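A.B. asks: Chains as they are written, first to last, in our numbering: chain A, 212 to 495; chain B, 212 to 495.
For glycine and all other residues, C-beta sits at the position ideal for the given N, C-alpha and C.
Keep in mind the model is a prediction, meaning the values are calculated, not measured.
1. Taking the Cβ atom as the reference point for each residue, do residue 485 (chain A) and residue 303 (chain A) lie within a distance shorter than 8 Å?
2. Give a yes or no on whether 8 Å exceeds the smallest Cβ distance from residue 491 (chain B) to chain A.
3. Within a Cβ cutoff of 6 Å, which residues of the same chain sit near residue 452 (chain A), ignoring the five residues on either side of it in sequence?
4. Starting from residue 356 (chain A) and walking both ways along the beta strand (DSSP E), at which residues does that stretch end?
5. Can you check whether the CB of residue 229 (chain B) is closer than 8 Å to the CB of residue 482 (chain B)?
6. Mind checking whether residue 250 (chain A) and residue 281 (chain A) have CB atoms under 8 Å apart?
7. How would you list, in chain order, the residues of chain B whose beta-carbon sits under 8 Å from the beta-carbon of residue 335 (chain A)?
8. Candidates B:294, B:245, B:289, B:343: which alpha carbon is nearest residue 318 (chain B)'s?
9. DSSP state of residue 449 (chain A), grouped into three classes?
10. Taking all protein chains shown into account, do 16 or more other C-beta atoms lie within 10 angstroms of the C-beta of residue 345 (chain A), making it buried, or fewer, making it exposed?
11. Could you give the DSSP three-state label for residue 346 (chain A): helix, strand or coil?
12. Determine, for residue 271 (chain A), whether the minimum Cβ-Cβ distance to residues of chain B falls below 8 Å.
13. Determine the closest residue to residue 305 (chain A) out of A:295, A:463, A:334, with distance taken between C-alpha atoms.
14. According to DSSP, is residue 314 (chain A) helix, strand or coil?
15. Given a threshold of 16 other Cβ atoms within 10 Å of its Cβ, counted over all protein chains shown, does residue 332 (chain B) qualify as buried or as exposed?
16. Using only CA atoms, which one of B:212, B:216, B:270, B:237 lies nearest to residue 478 (chain B)?
17. Tell me where the beta strand (DSSP E) around residue 246 (chain A) begins and ends.
18. Using 10 angstroms around the beta-carbon of residue 353 (chain B), count the other beta-carbons present and answer buried if the total reaches 16, otherwise exposed.
19. So, does the segment 410-424 of chain B touch the segment 376-392 of chain B, judging by three or more C-beta pairs under 8 Å?
20. Using Cβ-Cβ distances below 8 Å, what residues of the segment 361-385 of chain B are close to chain A?
21. Can you list, in chain order, the residues of its chain with a C-beta nearer than 6 Å to that of residue 492 (chain B)? Leave out the 5 residues immediately preceding and following it.
22. Does chain A have any CB closer than 8 Å to the CB of residue 393 (chain B)?
23. Classify residue 371 (chain A) as helix, strand or coil using the three-state DSSP reduction.
24. Sorted by chain position, which residues of the same chain lie with C-beta nearer than 8 Å to residue 394 (chain B)'s C-beta, five sequence neighbours on each side aside?
25. In chain B, which residues lie less than 8 Å from residue 301 (chain A) when you measure between Cβ atoms?
26. Check whether chain B comes within 8 Å of residue 245 (chain A), counting only Cβ atoms and requiring the distance to be less than that.
27. Could you tell me whether the Cβ atoms of residue 413 (chain A) and residue 435 (chain A) are closer together than 8 Å?
28. Thinking C-alpha only, which one of A:298, A:365, A:255, A:356 is nearest residue 309 (chain A)?
29. What would DSSP say about residue 431 (chain A), mapped onto helix, strand or coil?
30. Rank B:258, B:495, B:430, B:313 by C-alpha distance to the C-alpha of residue 283 (chain B) and give the top, closest one.
31. Restricting to Cα atoms, I'd like to know which of B:386, B:398, B:279 is closest to residue 311 (chain B).
32. Measuring only the C-alpha atoms, how far is residue 225 (chain B) from residue 223 (chain A)?
33. Could you give the first and the last residue of the continuous alpha helix (DSSP H) run that contains residue 268 (chain A)?
Dropping the structure here:
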């Protein structure tokens, strides 16, 4: 049976390192602050927010939440977000998405300046991830996968990595981050022919499609590392990943669990990005 | 022996279609204009410029060249480029790169507004290519590969495509364009292990590394389509591609030549982008 990987040790290690960074910043009189901007009160936003608030507390980062009404007009929203962006005490801004449909992302996505855009909403940040510019902030879930691989000492250089999924939240930015680590990266998706066969080539397989347990045992090369980004509800009504854990755990050398896997690393990546932003803004 | 593919018929077909578009624009009183901005007089810039001027002429697009001195100061260059960008009669701007080292791209790359940035210098355009936003302009060489595949009716959906090379001029943007076509895309590079083996999986293989004839016969799957982006000088002092043509032509179903292959399609893509810009700017 493969090594079962949980996110907690990774999150703890990142947190520990952040605590030191934050202490050093506070010694200089700088207190990192995260501003969360939430429109309405969707359940999954609230759940993530709760985790984020706890994590920031552990890290010594001040978290603040701005809740805005669901029916806020575009002009008012723009004004609010600009004010948050202009606030000199705020280093990182997380805006929960998707926004209600009447709010126009075309305008909004540019309002958080790249230096404070810690969850990669601004296209200028997306371009940095595309280019491999290390001053950019990766989407937290994509970065969480890399943190897990780093923590467990998975060498990526020259490795065959297959990413299933091509979203702008995970698949595509993760492919770029893995290319930066000199992996040979294949991106698969719903149109990929012979998906099991392509996945079986992978030394590291990342599933980020959002389909319950779609990665089966015949997708896995013996000894592969399997990272499961999905969080779904299966036919039995239980939380599950994109990977059929039971079918894959014996073949994999390492495999992440769901829940308590990749998802539990994202808030520590968020905290890491706030500290990075704080340093960049203060030219440290 | 595989079908030997030249760029000219592709360029001709694109040009023919542009001529019609430009006629329609001129009927509305709109004359598409390309402004080329060149610092100094590098030989390869001049060669490309010459081809571009001829192509624009064929298409009915007005080309203008602004030549600036090699020692131009950053502030002066910024002023000149801003003036070009503000010129209402200019629809597309091509700035030859790399610029002399004293000129700072960090500032300059944002000066051409995305709507006129027809060779994908502005990060906002790069982000559009990354996201699959069709209002973006792809780098001309990357787009030229797609045009060739389109022209010759190569279906990409579900196909295994391998791109060798990960530059921001070809490899990475091309990978995104091919993903948009629903290909399964693998990006290889200098650190890829077993490169011949990975390439042999490809139904479509694109070589964009800039190493003379590095793709050998054992890289090619029987019946593959081979696109050669490289332009190099081989040991005999002759122009050659990244693909060892002699070794690969018998295995490939189709293979592009060098010179007169991908390179000869780029100026027609440039013209196509100018017309696209002209339409976007005029809300057509």
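C.D. replies: The short version:
1. Indexing the first chain from 1 puts residue 485 (chain A) at position 274. Indexing the first chain from 1 puts residue 303 (chain A) at position 92. Taking 8 Å as the Cβ cut-off, residue 485 (chain A) and residue 303 (chain A) qualify as a contacting pair.
2. On the second chain, residue 491 (chain B) is found 280 positions in, with the first residue counted as 1. For residue 491 (chain B), the answer is no, since every Cβ of chain A falls outside 8 Å of its Cβ.
3. To locate residue 452 (chain A), count along the first chain from 1; it is residue 241. Cβ neighbours of residue 452 (chain A) beyond the five flanking positions: 439, 441, 469.
4. Here residue 356 (chain A) refers to the residue found at position 145 of the first chain. Note, residue 356 (chain A): premise wrong, no beta strand (DSSP E); alpha helix (DSSP H) at 351-362.
5. Reading the second chain from its first residue, position 271 is the one you call residue 482 (chain B). Reading the second chain from its first residue, position 18 is the one you call residue 229 (chain B). Contact flag set, yes.
6. Reading the first chain from its first residue, position 39 is the one you call residue 250 (chain A). Reading the first chain from its first residue, position 70 is the one you call residue 281 (chain A). Yes, these two residues count as a Cβ contact at 8 Å.
7. Taking the first residue of the first chain as position 1, residue 335 (chain A) is located at position 124. What residue 335 (chain A) touches in chain B: 334, 335, 338.
8. On the second chain, position 107 is the one that residue 318 (chain B) refers to. The shortest C-alpha separation from residue 318 (chain B) is found at B:289.
9. Taking the first chain and counting its residues from 1, one reaches residue 449 (chain A) at position 238. It is coil, neither helix nor strand.
10. Numbered from its first residue, the first chain carries residue 345 (chain A) at position 134. Residue 345 (chain A) is exposed by the Cβ-count criterion.
11. Start at 1 with the first residue of the first chain, and residue 346 (chain A) comes out as number 135. Reduced to three states, the DSSP call for residue 346 (chain A) is coil.
12. Residue mapping note: residue 271 (chain A) aligns to position 60 of the first chain, counting from 1. Not one chain B Cβ lies under 8 Å of residue 271 (chain A).
13. Counted from its first residue, the first chain places residue 305 (chain A) at position 94. Of the candidates A:295, A:463, A:334, the one whose C-alpha sits nearest the C-alpha of residue 305 (chain A) is A:295.
14. Within the first chain, numbered from 1, the residue matching residue 314 (chain A) stands at position 103. Of the three classes helix, strand and coil, the one that applies to residue 314 (chain A) here is coil, per DSSP.
15. Here residue 332 (chain B) is taken as the residue at index 121 of the second chain, counted from 1. It is buried - the Cβ of residue 332 (chain B) has at least 16 other Cβ atoms within 10 Å.
16. Start at 1 with the first residue of the second chain, and residue 478 (chain B) comes out as number 267. The candidate whose alpha carbon is nearest that of residue 478 (chain B) is B:270.
17. Walking along the first chain from the start, residue 246 (chain A) turns up at place 35. Where residue 246 (chain A) is concerned, the enclosing beta strand (DSSP E) stretches over 244-250.
18. In the second chain, counting from the first residue as 1, residue 353 (chain B) sits at position 142. Buried, since its Cβ has 16 or more Cβ neighbours within 10 Å.
19. yes
20. 368, 369, 370, 371, 377, 379, 383
21. The sequence position of residue 492 (chain B) within the second chain is 281, counting from 1. Taken in chain order, the residues that qualify are 302, 326.
22. One-based indexing of the second chain puts residue 393 (chain B) at position 182. Chain A contact via Cβ: present.
23. As a position in the first chain, residue 371 (chain A) is number 160, starting the count at 1. Three-state result, residue 371 (chain A): strand.
24. Here residue 394 (chain B) refers to the residue found at position 183 when the second chain is read from its first residue. Answer for residue 394 (chain B): 367, 368, 369, 370, 371, 372, 415, listed in chain order.
25. To locate residue 301 (chain A), count along the first chain from 1; it is residue 90. Correct list: empty, because the minimum Cβ distance to chain B is about 23 Å.
26. The residue given as residue 245 (chain A) occupies position 34 in the first chain. So, not an interface residue.
27. Numbered from its first residue, the first chain carries residue 413 (chain A) at position 202. Numbered from its first residue, the first chain carries residue 435 (chain A) at position 224. Yes, these two residues count as a Cβ contact at 8 Å.
28. On the first chain, residue 309 (chain A) is found 98 positions in, with the first residue counted as 1. Nearest option by C-alpha distance: A:255.
29. The residue given as residue 431 (chain A) occupies position 220 in the first chain. In this structure, residue 431 (chain A) counts as coil in the three-state DSSP scheme.
30. Numbered from its first residue, the second chain carries residue 283 (chain B) at position 72. Nearest option by C-alpha distance: B:313.
31. Within the second chain, residue 311 (chain B) is the residue found at index 100, counting from 1. For the residues B:386, B:398, B:279, the minimum Cα distance to residue 311 (chain B) belongs to B:279.
32. Walking along the second chain from the start, residue 225 (chain B) turns up at place 14. Walking along the first chain from the start, residue 223 (chain A) turns up at place 12. Distance between the alpha carbons of residue 225 (chain B) and residue 223 (chain A): 56 Å.
33. Looking up residue 268 (chain A) in the first chain gives position 57. Segment 254-270, the alpha helix (DSSP H) holding residue 268 (chain A).
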